[in-house]
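Colleague: The listed protein sequences correspond, in order, to chains P and C.
Every number in the working numbering is 1087 more than the matching position in the first sequence, counting from 1.
Every number in the working numbering is 361 more than the matching position in the second sequence, counting from 1.
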Amino acid sequence: MSGPPEIEIRLVESPVELWRMVQQSDLSDGDCGAHLIFLGTTRRWTDGQEVVMLHYEAYRPMAIQQLTRLAEQAAQRWPLRRVRVIHSLGPVRLGEASIAVIASSAHRSACMEAVPWIMDQIKQCVPIWKQETAADGATRWQHPSQGMT
Amino acid sequence: MSDSQEIVVRLFAGAREAAGVEQLVVQLPAPVTAGILLHALSEKAPQLRGLLPACRLAVNHEFVDDRCRVESADAVALIPPVSGG
Chain P
1088 MSGPPEIEIR LVESPVELWR MVQQSDLSDG DCGAHLIFLG TTRRWTDGQE
1138 VVMLHYEAYR PMAIQQLTRL AEQAAQRWPL RRVRVIHSLG PVRLGEASIA
1188 VIASSAHRSA CMEAVPWIMD QIKQCVPIWK QETAADGATR WQHPSQGMT
Chain C
362 MSDSQEIVVR LFAGAREAAG VEQLVVQLPA PVTAGILLHA LSEKAPQLRG
412 LLPACRLAVN HEFVDDRCRV ESADAVALIP PVSGG
């Protein structure tokens, strides 16, 4: 009845309201008593510069492979029933979400520990990059030193 | 034994922007390792040198260390520090 954890990884090109995907989490799953949803959204200020737009690019096959492995590793480390990672590619405007990570588990501690771990790993080993467009129109790829994101 | 290998390296984000091309092609005598390839990239595209020390090489969609062998048929990519999320 418990079966293997359900894993969903998606890279979506068009502007997407990620919270709509969050609603697809099967809240009626009677085996789960906890669902943790993390949304990453576009922040207006970076290093004192006003950002008006983000643009995300991925090395798609590797990003899918790495994200799938992270989700599988998380499901091995914690008793998760479901892991979903959805990342937007292309332009993402202020006020839009660029990433959703959703984890479901029987008890809250598992998903509350797993989601921060998944996010930390994404920021180290998943080949996705963001380019910021500043208010003056200048664009800049973000290539942070490790631990700086 | 001294065959040369033609390695195609895909570039992304700031590395692509710095080099001004989507990919670089380097011809190297076999055996080629990731470390040799990274050095060849800095010779081929000096404008990458600022970013290269922070970059990792991916072979067939896996990060590799400098000793990893690289063949012509491999999918090779230069991965600058990532910033997804």
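Where is the CB? At the ideal position from N, CA and C, for every residue including glycine.
Small disclaimer: the values here were computed from a predicted structure and weren't measured.
Is Gln-1163/P close to chain C, meaning its C-beta is less than 9 angstroms from at least one C-beta of that chain?
Modeller: With 9 angstroms as the cut-off, Gln-1163/P does not count as an interface residue toward chain C.
Colleague: By DSSP, does Gln-1163/P sit in helix, in strand, or in coil?
Modeller: Reduced to three states, the DSSP call for Gln-1163/P is helix.
Colleague: Checking 9 angstroms against the spacing of the C-beta atoms, do Val-1170/P and Ser-1196/P come in under that value?
Modeller: It is not a contact, given that the beta carbons lie outside the stated cut-off.
Colleague: What residues match up with Leu-1181/P in a beta bridge as DSSP calls it?
Modeller: Partner(s): none; Leu-1181/P has no beta bridge.
Colleague: I'd like the list of long-range same chain contacts for Val-431/C, defined as Cβ closer than 7 angstroms, with 5 residues on each side in sequence excluded.
Modeller: Closer than 7 angstroms at Cβ, skipping near neighbours: Ile-368, Val-393, Thr-394, Ala-395, Leu-398, Val-420, Val-437.
Colleague: Run through chain C and tell me which residues come within less than 8 angstroms of Ile-1173/P, C-beta to C-beta.
Modeller: The premise fails here: Ile-1173/P is roughly 12 angstroms from chain C at the closest Cβ pair, so nothing lies under 8 angstroms.
Colleague: Does any residue of chain P have a CB that is nearer than 9 angstroms to the CB of Arg-430/C?
Modeller: No, Arg-430/C does not count as interfacial toward chain P.
Colleague: Determine, using beta carbons only, whether Ala-380/C comes closer than 9 angstroms to chain P.
Modeller: Output row for Ala-380/C: interface = no.
Colleague: Please look up how many angstroms separate the CB atoms of Trp-1165/P and Glu-1200/P, rounded, as I've assumed it's under 8 angstroms.
Modeller: Confirmed, about 6 angstroms.
Colleague: Since His-1174/P and Gly-445/C should fall inside the 8 angstroms C-beta cutoff, what is the C-beta to C-beta distance between them, to a whole number of angstroms?
Modeller: Right, their Cβ atoms sit about 6 angstroms apart.
Colleague: Can you confirm whether Ile-1096/P, when its beta carbon is compared against all beta carbons of chain C, has any partner nearer than 9 angstroms?
Modeller: Judged by the 9 angstroms Cβ criterion, Ile-1096/P is not in contact with chain C.
Colleague: So, is Arg-1131/P buried or exposed, given that buried needs 16 or more other C-beta atoms within 10 angstroms?
Modeller: Arg-1131/P should be labelled exposed.
Colleague: Check for me: the alpha helix (DSSP H) holding Leu-398/C runs from which residue to which?
Modeller: Where Leu-398/C is concerned, the enclosing alpha helix (DSSP H) stretches over 395 to 405.
Colleague: Could you tell me whether any Cβ in chain P is nearer than 9 angstroms to the Cβ of Arg-410/C?
Modeller: By this cut-off, Arg-410/C is not an interface position.
Colleague: Between Pro-1148/P, His-1194/P, Leu-1105/P, Leu-1181/P, which has its C-alpha nearest Thr-1133/P's C-alpha?
Modeller: Comparing Cα positions, the closest option is Leu-1181/P.
Colleague: Quick check on this structure: which residue in Cys-416/C, Val-425/C, Cys-429/C, Arg-428/C has the alpha carbon closest to the alpha carbon of Arg-377/C?
Modeller: The option with the nearest alpha carbon to Arg-377/C is Cys-416/C.
Colleague: Just the Cα atoms here: how many angstroms apart are Glu-1219/P and Ala-1225/P?
Modeller: Distance between the alpha carbons of Glu-1219/P and Ala-1225/P: 8 angstroms.
Colleague: Look at the alpha carbon of Val-382/C and the alpha carbon of Ala-401/C, and state the distance between them as a whole number of angstroms.
Modeller: About 16 angstroms.
Colleague: Which residue marks the beginning of the alpha helix (DSSP H) containing Pro-1203/P, and which one marks its end?
Modeller: Where Pro-1203/P is concerned, the enclosing alpha helix (DSSP H) stretches over 1195 to 1212.
Colleague: Please work out which residues of its chain come closer than 7 angstroms, Cβ to Cβ, to Ala-1145/P, disregarding the five sequence neighbours upstream and downstream, and give them in chain order.
Modeller: Leu-1098, Leu-1176, Pro-1214, Ile-1215, listed in sequence order.
Colleague: Taking the C-alpha atoms as reference points, what is the distance between Tyr-1143/P and Gln-1152/P?
Modeller: C-alpha separation (whole angstroms): 18 angstroms.
Colleague: Which whole-angstrom value is the C-beta distance of Leu-1167/P and Ile-1209/P, which I expect to be below 8 angstroms?
Modeller: No, Leu-1167/P and Ile-1209/P are not in contact; Cβ-Cβ is about 16 angstroms, not under 8 angstroms.
Colleague: Can you give the beta carbon distance from Gln-1136/P to Ala-1221/P, rounded, assuming they're within the 8 angstroms contact cut?
Modeller: That pair is a contact at about 5 angstroms.
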